[in-house]
Amino acid sequence: MAAPNPIQVQKFLSGIEYPASKDDIVTTAEEEGADSDVLDALKQLPDQEYDGPTAVSKAVSDAG
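Residue numbers for the sequence shown follow the numbering used here, so the first one is 160 and each next one is one higher.
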């Protein structure tokens with residue numbers, strides 16, 4: 160599976176406060192109506208704190 164586009168991921172994380180945990184990121188994306196590709200990618204992230212959108216995008220692309 161190819162990693163979702165970072166811009167696509169970030170549009171579902173608008174309003175999240177960083178640092179954010181993996182669980183916070185997944186929950187926010189679900190609440191913002193993320194599609195299954197984005198949610199699947201976020202659920203594959205390492206369970207850690209992310210300090211900003213760039214860290215999330217990098218982790219998604221590394222996991223993809």
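Every residue gets a Cβ at the ideal spot worked out from N, C-alpha and C, and that includes glycine. Just so we're clear, the structure is a prediction, and the values are computed from it rather than from any experiment.
Residue i and residue j: beta carbons closer than 7 Å?
i      : j      : result
VAL197 : VAL215 : no
GLN204 : LYS181 : According to the sequence displayed, residue 204 carries Leu and not Gln. Their beta carbons are under 7 Å apart, which means LEU204 touches LYS181 by this criterion.
THR187 : LEU172 : yes
Which residues share a DSSP beta bridge with residue i?
i      : result
TYR177 : Paired residues: none, contrary to the question.
I'd like the span of the alpha helix (DSSP H) that includes residue i, first residue to last.
i      : result
PRO212 : 212-222
PRO165 : 165-170
ASP194 : Where ASP194 is concerned, there is no enclosing alpha helix (DSSP H), given that its DSSP letter is neither H nor E.
Just checking: is the beta-carbon of residue i within a distance shorter than 7 Å of some beta-carbon in chain C?
i      : result
ALA214 : Protein chains in the displayed structure number just one, and chain C is not present.
DSSP state of residue i, grouped into three classes?
i      : result
GLU189 : helix
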